[in-house]
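Some notes on the structure that comes next.
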Amino acid sequence: MATNEASSEVRQSSEQRLAHVNQLRWQKFPVLDDGFVCLVDVMGDDSSVVQAARVSYGEGTRKVSDDRTLIRYLLRHRHTTPFEMAEIKFLVRVPMDCWRQWVRHRTANINEYSTRYSLAIDAAQTTESDRWRGQAESNRQGSGEYLSADLGQRLTAEETTLQDQMRSVYQARIDAGVAREQARKDLPLSTYTEAYWKIDLHNLLHFLALRMDSHAQLEIRQYATAIGEKIVAPLFPLVWEAFLDYRMQATFLTRLDTAVIQRLTAAAAARGAAPPYSEADFLQAQDPAWAGLNRSRERDECRSKLQALGLLHAATQ
Ligand SMILES: Cc1cc2nc3c(=O)[nH]c(=O)nc-3n(C[C@H](O)[C@H](O)[C@H](O)COP(=O)(O)OP(=O)(O)OC[C@H]3O[C@@H](n4cnc5c(N)ncnc54)[C@H](O)[C@@H]3O)c2cc1C
Numbered sequence: 036m037a038t039n040e041a042s043s044e045v046r047q048s049s050e051q052r053l054a055h056v057n058q059l060r061w062q063k064f065p066v067l068d069d070g071f072v073c074l075v076d077v078m079g080d081d082s083s084v085v086q087a088a089r090v091s092y093g094e095g096t097r098k099v100s101d102d103r104t105l106i107r108y109l110l111r112h113r114h115t116t117p118f119e120m121a122e123i124k125f126l127v128r129v130p131m132d133c134w135r136q137w138v139r140h141r142t143a144n145i146n147e148y149s150t151r152y153s154l155a156i157d158a159a160q161t162t163e164s165d166r167w168r169g170q171a172e173s174n175r176q177g178s179g180e181y182l183s184a185d186l187g188q189r190l191t192a193e194e195t196t197l198q199d200q201m202r203s204v205y206q207a208r209i210d211a212g213v214a215r216e217q218a219r220k221d222l223p224l225s226t227y228t229e230a231y232w233k234i235d236l237h238n239l240l241h242f243l244a245l246r247m248d249s250h251a252q253l254e255i256r257q258y259a260t261a262i263g264e265k266i267v268a269p270l271f272p273l274v275w276e277a278f279l280d281y282r283m284q285a286t287f288l289t290r291l292d293t294a295v296i297q298r299l300t301a302a303a304a305a306r307g308a309a310p311p312y313s314e315a316d317f318l319q320a321q322d323p324a325w326a327g328l329n330r331s332r333e334r335d336e337c338r339s340k341l342q343a344l345g346l347l348h349a350a351t352q
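Take the sequence shown: its letters are residues 36 to 352, numbered as in my numbering.
See the structure below:
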């Protein structure tokens, strides 16, 4: 009797899971102006990670709370292979410049739309006039503030002209009989491509950690966030929770950071001061190797971490 009850419970939850997966499959989650991410197939769920790990750790109790504890332990301690037991296949539609960053992740399997075989997709990513970003001052790779509306209107008008012209040159080459593989060479990087992208859960989390991060370019960040929040979170709720807690929303302290905190708090305790401390206190406690430098990225990163921890005034930078 108990066995029947248990197996019907398992059957019911796997039926629920199947319904959930079927509801998600082929649902296109929009990204940018004409892109999307969509779940094609998934192998495994939270319990696949647990099942694989139990080969290492032996049979334990099977309550959900234990699964949660085990998944959180594995993620915290970077015991990664159990996460490789689940795989997800996506269909994505992405502008070429973003795709160029995406395909640097070598641990996925890709099959991409061929512009040698077929006509290039007739869509290019466009930019609203209020969405042009200035160059970041603090980071040579990143974006800063949005540019003015006047400038934005001009930039968007130029973008439209350029994309129209590039497309009509491409079309004229095709009409003149130029091979598709050669006709495409001047298409802009804003042209959309489509691809199947299959990856195991461990490497997907690695991709998401890098590409959802604020240092990643906004466009690929939007794709990664859609994949994470719309697809991974509902399919692997326990893994997703642990990923947010221990990877995305965690703070990594280096040996130097820890020493700064120790000096900062010891000096504050000696004079009876409470946090948040001042910029002067921080500079007093900084690593000696940073002290002679006008600019130090490592010092800036340490400062940001201490601000996030509430140890420094947020506006002291
Ligand atoms: C914010 C940001 C800025 C970037 N800027 C630049 C840039 O300016 N120029 C540039 O060229 N790239 C840049 N990149 C790309 C970056 O260097 C990586 O190529 C990309 O993020 C893929 O990471 P990965 O190799 O860890 O991922 P994957 O290729 O998915 O690999 C996952 C992991 O598998 C292992 N692995 C995979 N293949 C190998 C291998 N052949 N040998 C050994 N180990 C392997 C590694 O541990 C690796 O971390 C940037 C990435 C980010 C996120």
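Don't be surprised by glycine CBs; every beta carbon is placed ideally from N, CA and C.
Backbone secondary structure at residue i - three-state DSSP
i, result
"residue 226", "strand"
"residue 8", "Outside the shown range of the chain (36 to 352) lies residue 8, about which nothing can therefore be said."
"residue 129", "strand"
"residue 158", "coil"
"residue 204", "helix"
"residue 287", "coil"
"residue 117", "helix"
"residue 60", "strand"
"residue 232", "strand"
"residue 186", "helix"
"residue 258", "helix"
"residue 168", "strand"
"residue 146", "strand"
"residue 39", "Only weak support exists for where residue 39 lies, its pLDDT of 46 falling under 50; the value from the coordinates is given anyway. The answer is helix: DSSP assigns residue 39 an H, G or I state."
"residue 90", "helix"
"residue 333", "helix"
"residue 212", "coil"
"residue 323", "helix"
"residue 248", "coil"
"residue 339", "helix"
"residue 351", "A caution first: residue 351 carries a pLDDT of 42, below 50, which makes its placement in the model unreliable, though a value can still be read off. Note: residue 351 maps to coil in three-state DSSP."
"residue 108", "helix"
"residue 138", "coil"
"residue 345", "coil"
"residue 67", "coil"
"residue 32", "Limits of the chain in this structure are 36 at one end and 352 at the other, which puts residue 32 out of reach."
"residue 74", "strand"
"residue 49", "helix"
"residue 44", "In this predicted model, residue 44 has a pLDDT of only 49, less than 50, meaning its place in the structure is not dependable; the value taken from the coordinates is given anyway. Note: residue 44 maps to helix in three-state DSSP."
"residue 281", "helix"
"residue 82", "helix"
Beta carbon of residue i nearer than 8 Å to that of residue j
i, j, result
"residue 165", "residue 192", "no"
"residue 294", "residue 322", "yes"
"residue 80", "residue 270", "yes"
"residue 186", "residue 168", "no"
"residue 253", "residue 178", "yes"
"residue 317", "residue 347", "yes"
"residue 260", "residue 156", "no"
"residue 273", "residue 102", "yes"
"residue 138", "residue 106", "no"
"residue 278", "residue 109", "no"
"residue 255", "residue 142", "no"
Proximity to residue i [Cα-Cα], best of the options
i, options, result
"residue 228", "159, 73 and 249", "159"
"residue 73", "222, 146, 208 and 123", "123"
"residue 333", "168, 315 and 287", "287"
"residue 144", "130, 126 and 174", "126"
"residue 284", "343, 103 and 175", "343"
"residue 320", "298, 339 and 327", "298"
"residue 221", "232, 201 and 63", "201"
"residue 104", "152, 138 and 281", "281"
"residue 214", "301, 139 and 154", "154"
"residue 75", "82, 63 and 330", "63"
"residue 262", "250, 277, 236 and 273", "236"
"residue 296", "128, 337 and 279", "337"
"residue 128", "142, 69 and 172", "69"
"residue 176", "196, 250 and 195", "250"
"residue 65", "48, 258 and 325", "258"
"residue 60", "51, 329, 77 and 162", "77"
"residue 341", "328, 276 and 313", "313"
"residue 197", "232, 218 and 161", "161"
"residue 190", "163, 211, 48 and 309", "163"
"residue 219", "170, 276 and 152", "152"
Contact test: residue i Cβ vs ligand 3 heavy atom, cutoff 7 Å
i, result
"residue 144", "Judged by which ligands are present, ligand 3 is missing from the structure shown, whose ligands are ligand 1."
Assess contact between the region 114-134 and the region 237-254, defined as three or more Cβ pairs (one per stretch) separated by less than 8 Å. Is contact present? The answer is yes - the region 237-254 touches the region 114-134, with three or more Cβ pairs under 8 Å.
Quick check: the region 107-115 against the region 146-153, are at least 3 beta-carbon pairs closer than 8 Å? no
Across the region 84-91 and the region 133-144, are there enough close Cβ pairs to call them in contact, namely three or more that are closer than 8 Å? Touching, no.
Does the region 196-207 come within contact of the region 246-261, defined as at least 3 CB pairs closer than 8 Å? no
Three or more C-beta pairs closer than 8 Å, one from the region 264-282 and one from the region 50-67: is that the case here? yes
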